[in-house]
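Taking our numbering, the leading residue of the sequence shown gets 3, the next gets one more, and so forth.
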Amino acid sequence: MKKIIAIGESLIDFIPSDKINKIENISSFYPRVGGAPLNVLGAIAKLGGETLFYSTVGYDPFGLKIINYLKSNNINTSKIYIDKLAKTSLAFVSYVSNDRDFYFSSLKPSYAKYPLNMIKVSDFKDTYAIHFCSVALKDKSMRKAHYKALSLANKLNVLVSFDLNLRLNLYESKDLLKELVFEYMKYADIIKISDDEFKFLFNSKDVISSLRKLLNERTKLILYTAGQNGSMAITKNEVVKVPALKIVDIVDTTGAGDAFSGSFLYQLNVNNVKDLVNLTKEELTKYLSFSNKYAGLSTKKSGGITSYLTIKEMNDFKF
């Protein structure tokens, strides 16, 4: 099995002790390693896959905490850049009516830049895919790093996966965010979009027709997730819908979307899928079902990677 690379943000999430409260009223927080691309690699590693991460942390105890945490979860940290002039990014999380809100401690996050000379052609040897999200695209320096990595992947026939993972409060201009999302879609073989993100990007109620317009010579597979309403895969030939796993005792939804992305990429990789266009209805149903279950079960525990199951735990679980 080949490895999967991710590029983007790594940070410390400060999780509230009070589950439903405005951030100004929360009495205390506890630190937890976070970042969507990081979580995706965590799911892949938990399932038995090989990984590599392009990211930047500060030269401080929080940066060391991130690196140690990744190593303990079998994520390759050899390409993480430690910036001695930066402070590791911190995000304070609050829950209001079960929706998460984020307050970031700095307008210039540690992951805002990544040295271009650390991205090498040799990194892509025996690589199945590279995964990225939109959060780190806010900063021009990190956009250059994404451009280099994604362009290399396209040139070397390495699949590119783009999970939008929009954080609207990070962008002063919503128009800029939309512009960047559509600009970077052109590198992606696979695009994952949630129901809320669809509403932000499209002025339409026709989900299937709108998403099908994103398919082109590069983009072959669209993954659409809608929480408890399940997920959908769209290719040129197929539209497949699969219901969500019904979870009664939800503890924490943090990282569930990343669990879906990571487990889906893992399945494509372990099955050596090269032709996304001609994935059958049966194959797409199988992959969606597994990822729905994987993401759903992650909500039964607190945390991101710590809530993810191994392949043995998935196989042993009685559905």
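Backbone N, C-alpha and C define an ideal beta-carbon position, used for all residues, glycine too.
For residue i: DSSP bridge partner residues
i: serine 96; result: Asp103
i: proline 33; result: Phe16
i: histidine 133; result: Ala8 and Ser163
i: methionine 234; result: Tyr226 and Lys243
i: lysine 176; result: Beta-bridge pairing links lysine 176 to no other residue.
i: isoleucine 28; result: Per DSSP, none; premise fails for isoleucine 28.
i: isoleucine 192; result: Ser163 and Leu223
Boundaries (first-last residue) of the beta strand (DSSP E) holding residue i
i: glycine 264; result: Premise fails: glycine 264 lies in the alpha helix (DSSP H), 258 to 272, not in any beta strand (DSSP E).
i: isoleucine 252; result: From DSSP, isoleucine 252 is part of no beta strand (DSSP E); its letter is neither H nor E.
i: lysine 1; result: Residue 1 cannot be examined here, being either before or after the span of the chain that is shown, 3 to 321.
i: isoleucine 307; result: Taken as a continuous stretch (DSSP letters only), isoleucine 307 belongs to no beta strand (DSSP E), as it is neither H nor E.
i: lysine 201; result: It is not in any beta strand (DSSP E) - lysine 201 instead sits in the alpha helix (DSSP H) that spans 197 to 203.
From the options, residue whose alpha carbon lies closest to that of residue i
i: asparagine 294; options: Leu281, Ala261 and Asn280; result: Ala261
i: phenylalanine 184; options: Phe292, Lys276, Asn231 and Lys215; result: Lys215
i: serine 30; options: Val95, Leu66 and Thr227; result: Val95
i: asparagine 231; options: Met3, Ser196 and Glu181; result: Ser196
i: aspartate 85; options: Val98, Lys194, Asn70 and Tyr116; result: Tyr116
i: threonine 312; options: Leu49, Lys4, Leu152 and Gly44; result: Leu49
i: tyrosine 97; options: Gly264, Met3 and Lys21; result: Lys21
i: lysine 188; options: Phe202, Ser206, Asn156 and Glu284; result: Asn156
i: valine 279; options: Gly306, Ala246, Arg220 and Gly264; result: Arg220
i: tyrosine 289; options: Phe55, Val35, Phe204 and Ser263; result: Ser263
i: leucine 319; options: Leu299, Ile307, Ile69 and Gly306; result: Going by the sequence as given, residue 319 is phenylalanine instead of leucine. Of the listed residues, the one whose Cα sits closest to phenylalanine 319 is Leu299.
i: valine 160; options: Thr255, Ile192 and Lys110; result: Ile192
i: threonine 308; options: Leu178, Lys180, Ser19 and Gly44; result: Gly44
i: lysine 266; options: Ile249, Met234 and Phe16; result: According to the sequence provided, residue 266 is phenylalanine. The question's lysine does not apply to it. Cα-wise, what sits closest to phenylalanine 266 is Met234.
i: threonine 53; options: Lys127, Lys67, Val35 and Gly65; result: Lys127
i: lysine 5; options: Thr282, Ala297, Lys238 and Val272; result: Val272
i: isoleucine 77; options: Leu40, Lys67 and Thr58; result: Leu40
i: isoleucine 224; options: Lys302, Val242 and Thr58; result: Val242
i: threonine 301; options: Leu172, Asp165 and Ala246; result: Ala246
i: methionine 144; options: Val209, Lys194 and Thr58; result: Thr58
i: leucine 178; options: Ile236, Asp198, Phe164 and Phe202; result: Phe202
i: tyrosine 173; options: Ser211, Ser291, Lys110 and Gly259; result: Lys110
i: serine 107; options: Asp15, Leu166, Asp165 and Lys180; result: Asp15
i: leucine 182; options: Lys194, Lys140 and Leu217; result: Lys140
Cβ-Cβ separation, residue j to residue i (assumed contact under 8 Å), whole Å
i: leucine 13; j: glycine 37; result: 5 Å
i: isoleucine 7; j: threonine 129; result: 6 Å
i: valine 137; j: glutamate 11; result: 5 Å
i: alanine 114; j: phenylalanine 104; result: Wrong, their Cβ atoms sit about 16 Å apart, outside the cutoff.
i: lysine 146; j: leucine 118; result: 6 Å
i: serine 112; j: alanine 88; result: 4 Å
i: glycine 51; j: tyrosine 268; result: 5 Å
i: methionine 120; j: tyrosine 83; result: 6 Å
i: threonine 79; j: aspartate 62; result: Wrong, their Cβ atoms sit about 16 Å apart, outside the cutoff.
i: alanine 47; j: asparagine 75; result: 6 Å
i: alanine 190; j: tyrosine 56; result: Rounded, the Cβ-Cβ distance is 17 Å, inconsistent with contact.
i: isoleucine 28; j: serine 19; result: 7 Å
i: aspartate 125; j: lysine 81; result: 7 Å
i: valine 42; j: lysine 67; result: So it is not a contact: roughly 19 Å between Cβ atoms.
i: aspartate 254; j: lysine 222; result: About 33 Å separates the two Cβ atoms, so there is no contact after all.
i: leucine 213; j: isoleucine 236; result: 5 Å
i: leucine 217; j: lysine 238; result: 6 Å
Extent of the continuous alpha helix (DSSP H) to which residue i belongs
i: serine 300; result: 283 to 300
i: serine 211; result: 209 to 214
i: serine 153; result: 142 to 157
Within-7 Å CB hit, residue i to chain C
i: asparagine 218; result: The structure shown contains no chain C, having only a single protein chain.
Near the ligand ZN: residue i beta-carbon under 6 Å from a heavy atom
i: alanine 45; result: Summarising the ligand content, the structure contains no ligands, and the ligand ZN is consequently not present.
Enumerated in chain order, which unbroken segments of the alpha helix (DSSP H) with a length of 4 residues or greater are wholly contained in the segment 31 to 91?
-> 38 to 48 and 63 to 74
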